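Working notes for the structure below.
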Amino acid sequence: RAEIRWRDTPLSAILATIASLGYTPNLHTPDEEDNKQRRERNHDLLRLIVAGLGMMQVMMFATGLYTGAWHGIDHEYEQLLRWISLLCSAPVMLYAGYPYLKNAWLGLRHRQPNMDLPIALACAGAWLASLYHTLIGRGEIYYDGVTMFIFFISISRYLEAHTRRRARHN
16 RAEIRWRDTP LSAILATIAS LGYTPNLHTP DEEDNKQRRE RNHDLLRLIV
66 AGLGMMQVMM FATGLYTGAW HGIDHEYEQL LRWISLLCSA PVMLYAGYPY
116 LKNAWLGLRH RQPNMDLPIA LACAGAWLAS LYHTLIGRGE IYYDGVTMFI
166 FFISISRYLE AHTRRRARHN
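If you read the sequence shown in this note's numbering, its first letter stands for residue 16, the second for the next number, and so on.
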């Protein structure tokens, strides 16, 4: 992305130069930029809602597992709670956590690790270990921790982006 300000050079010459470098120039108007930011904000809010709802549901089932560990629980009910927790955590991990996974991957691909890398590694590692333990029917699961972590990171980033937008418009 580049912002170009010109005085004497015609726009067609600038676009031709950009195209000769192998890039496709796209001109953005302020209205398009506002619409894009609004769509991104709505998408971020939807991801936050998915993370919050998923976290609450997983915590509800985790409470059953924690209580069952202390007072006893039938293996069938334990497995049911594990599978339901998996189903509730999958949208959180794959949809709400997608920006962290994508940014971590892009950072690695460009050989520039970023702050999303440890978030993605921790969440993906814990979620995949939990998936494995759910499939084999024994071992610890961490769906509750993964969903809570993604929710709290998402809410902090949403609030940060909101604050930046407000500062930019003032």
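All residues carry an ideal CB built from backbone N, CA and C; glycine is no exception.
None of these values were measured; they are calculated from a predicted model.
In the three-state reduction of the DSSP assignment, P128 falls in the coil class, being assigned neither a helical nor a strand state. In the DSSP annotation of this structure, the continuous segment of the alpha helix (DSSP H) that includes N57 starts and ends at P45 to H86.
By the C-beta criterion, the region 53–71 is judged to be in contact with the region 151–169, since at least 3 inter-stretch pairs fall below 8 Å. Here Y157 has A141 and S145 as same chain residues with Cβ atoms under 6 Å from its own Cβ, once five neighbours each way along the sequence are excluded.
A residue is called buried once 16 or more other Cβ atoms fall within 10 Å of its Cβ, and D131 is buried on that count. Taking the Cα positions, L136 is about 9 Å away from A119. The beta carbon of Q94 sits closer than 7 Å to those of G152, all from its chain and outside the five residues before and after it, given in chain order.
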